[in-house]
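Visitor:
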Amino acid sequence: MQPSKGFDFFEYHTQLAQDDVLLSYKGPLTDVLLSEFSQDIRLKLQEEDPKVGKKVFAIFMELAQNVLYYSKEVNTFGNRDRVGTLVIVNTGEYYQLMTGNLVLKKLVPELLEKCDKINAFDRDELREYKRTLRNGPKSEESKGAGIGLVQVALTSGNRVEMKVKEYSNEFAFYVIVVNIKINGQDDEDKPAPAKTETDNCEPITEPAKTETNDKLNQQEDEGETLIANPE
Amino acid sequence: MENLEIKGESGVYFIPEVKLDATSGNCEISGESYLEDTDEFYNNIIKWLDDYVKQVKKPLLFNFRLTYFNTSSSRSILNVLRVLKQYVDNKGSVTVNWYYPEDDESIAEEAEDYMKDTGLQINMFAFEPED
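Protein chains in written order, with the working numbering: chain F, 5 to 235; chain X, 10 to 140.
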């Protein structure tokens with residue numbers, strides 16, 4: 005891994021101030037926290053435009069639940085909450101929702117394939133695909149309905165952008181980006197194809213070192229890595 | 010047979026309001042659905058419907074008036090509708106009304122998709138949400 009350039013607080017602060025950042029969080033996620041965030045989003049956005057506010061809220065719920073259920077980064081103390089990053093930015097034209105978390109590297113091709121599939125469908129095909137998934141048996145590891153991402157594409161009326169960076173031999177950092185048009189209309193033409201990206205450069209974020217001790221065995225069937233919470 | 014009533018609540022989770030009346034056969038689920046244990050919640054409704062179909066055997070009116078539900082709930086709602094369709098197939102009388110917020114076409118689309126999935130007739134009505 006290349007040496008870190010160090011954290012530039014001023015750059016960070018400038019960036020936070022430039023774009024209208026509605027939410028920026030990295031850390032352990034819990035049901036209570038999600039509830040606080042989601043109610044906050046509703047209050048902030050529904051006054052301006054209830055329809056768009058509701059879309060942002062619904063998409064946030066699906067994406068955040070994905071992180072809450074599937075992130076492979078886990079706090080080593082407390083309730084062993086899963087760790088992830090949640091960001092909502094107002095770009096002027098769009099509300100941009102971003103989530104990031106670690107996933108098993110071997111699952112990446114499958115995730116990218118599903119994303120490409122979703123982005124290639126028109127609205128009717130997406131609805132059809134959602135119905136097929138919903139009618140099928142619940143996948144065993146899926147705590148939700150397994151159709152969250154399809155619903156996100158339907159609700160946003162936009163493509164789902166997926167970015168993956170290698171993190172270690174076993175894990176990858178996985179980012180989802182979704183845009184919701186602020187004037188409330190779905191884009192007539194979907195914006196420029198949000199290509200799924202993979203590369204092998206430095207991870208976007210650098211969580212503390214992965215433990216590979218015997219605590220791994222406590223996770224039984226899940227095989228998660230354990231990441232100490234950075235102090 | 011007893012009625013089933015669940016008080017709606019919006020806290021860490023969003024519990025929809027449920028009123029299932031065994032005497033009149035009128036049922037309604039309204040509000041928002043995002044639950045800690047979605048399967049358990051909707052299985053209670055399905056269990057009640059199973060009992061009604063076996064014991065009461067009278068007409069059923071089921072009103073859906075949901076303003077938000079997550080994808081996990083959407084799968085469970087499909088299961089509720091399947092039970093209602095089964096009652097129809099067994100000569101039961103069932104009316105399903107789907108009230109959707111007028112500014113939320115995705116909830117309207119859900120009803121269309123549920124009709125395709127179940128073959129059940131669902132009457133759709135737009136309403137102006139309070140609040």
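The C-beta atom is built at its ideal place from N, Cα and C for all residues, glycine as well.
Please classify Leu67/F as buried or exposed, where buried requires at least 16 neighbouring CB atoms within 10 angstroms.
Guide: Leu67/F comes out buried.
Visitor: For Pro68/X, does the count of other Cβ atoms within 10 angstroms reach 16, so buried, or fall short, so exposed?
Guide: The residue in question, Pro68/X, is exposed, as its Cβ has fewer than 16 Cβ neighbours within 10 Å.
Visitor: On the premise that Asn72/X lies in contact with Asn106/X, defined as a C-beta separation below 8 Å, what is that separation, rounded to the nearest angstrom?
Guide: Going by Cβ atoms, the distance from Asn106/X to Asn72/X rounds to 5 Å, so yes, they are a contact pair.
Visitor: State the DSSP-derived secondary structure class of Leu129/X, mapped to helix, strand or coil.
Guide: If DSSP states are grouped into helix, strand and coil, Leu129/X belongs with coil.
Visitor: Tell me the rounded alpha-carbon separation between Ile116/X and Leu38/F.
Guide: Cα-Cα distance, rounded: 23 Å.
Visitor: Helix, strand or coil for Lys185/F, going by three-state DSSP, please let me know.
Guide: Strand.
Visitor: Would Ser1/X pass as an interface residue toward chain F - the criterion being a Cβ-Cβ separation below 8 Å?
Guide: No answer is possible for residue 1/X: it lies beyond the span of chain X, which begins at 10 and ends at 140.
Visitor: Going by other Cβ atoms of all chains shown within 10 Å of its Cβ, with 16 needed for buried, is Arg127/F buried or exposed?
Guide: So Arg127/F counts as exposed.
Visitor: Nearest-angstrom Cα distance between Lys125/X and Asp48/X?
Guide: Each residue's Cα considered, the two are about 22 Å apart.
Visitor: Under 7 Å Cβ-Cβ, which residues of chain F neighbour Val21/X?
Guide: Neighbours of Val21/X on chain F, chain order: Asp35, Val36 and Ser39.
Visitor: Quick check on this structure: which residue in Lys59/F, Asn94/F and Thr159/F has the alpha carbon closest to the alpha carbon of Ser42/F?
Guide: Of the candidates Lys59/F, Asn94/F and Thr159/F, the one whose C-alpha sits nearest the C-alpha of Ser42/F is Lys59/F.
Visitor: Are the C-beta of Thr159/F and some C-beta of chain X separated by less than 8 Å?
Guide: It does: the Cβ of Thr159/F has a partner Cβ on chain X nearer than 8 Å.
Visitor: Which class does Gly31/F belong to by DSSP, given the choice of helix, strand or coil?
Guide: Strand, per DSSP.
Visitor: Looking at the structure shown, is Glu129/F part of a helix, part of a strand, or coil, going by DSSP?
Guide: Helix, per DSSP.
Visitor: DSSP three-state label for Thr89/F, please.
Guide: Note: Thr89/F maps to strand in three-state DSSP.
Visitor: Would Lys125/X count as contacting chain F if we go by Cβ distances under 8 Å?
Guide: Chain F contact via Cβ: present.
Visitor: With distances taken between CB atoms, is the gap from Leu70/X to Thr104/X smaller than 8 Å?
Guide: Contact flag set, yes.
Visitor: Go ahead and label Thr80/F buried or exposed: buried means 16 or more other beta carbons lie within 10 angstroms of its beta carbon, across all protein chains shown.
Guide: Exposed is the call here.
Visitor: Determine, using beta carbons only, whether Ser115/X comes closer than 8 Å to chain A.
Guide: The chain inventory of the structure shown lacks chain A, comprising the protein chains F and X.
Visitor: Does the distance from the CB of Glu41/X to the CB of Tyr77/X come in under 8 Å?
Guide: Contact flag set, yes.
Visitor: Considering only the alpha carbon of each residue, which of Ser28/F, Val36/F, Asp24/F and Asn105/F lies closest to Ser19/X?
Guide: Answer by Cα proximity: Val36/F.
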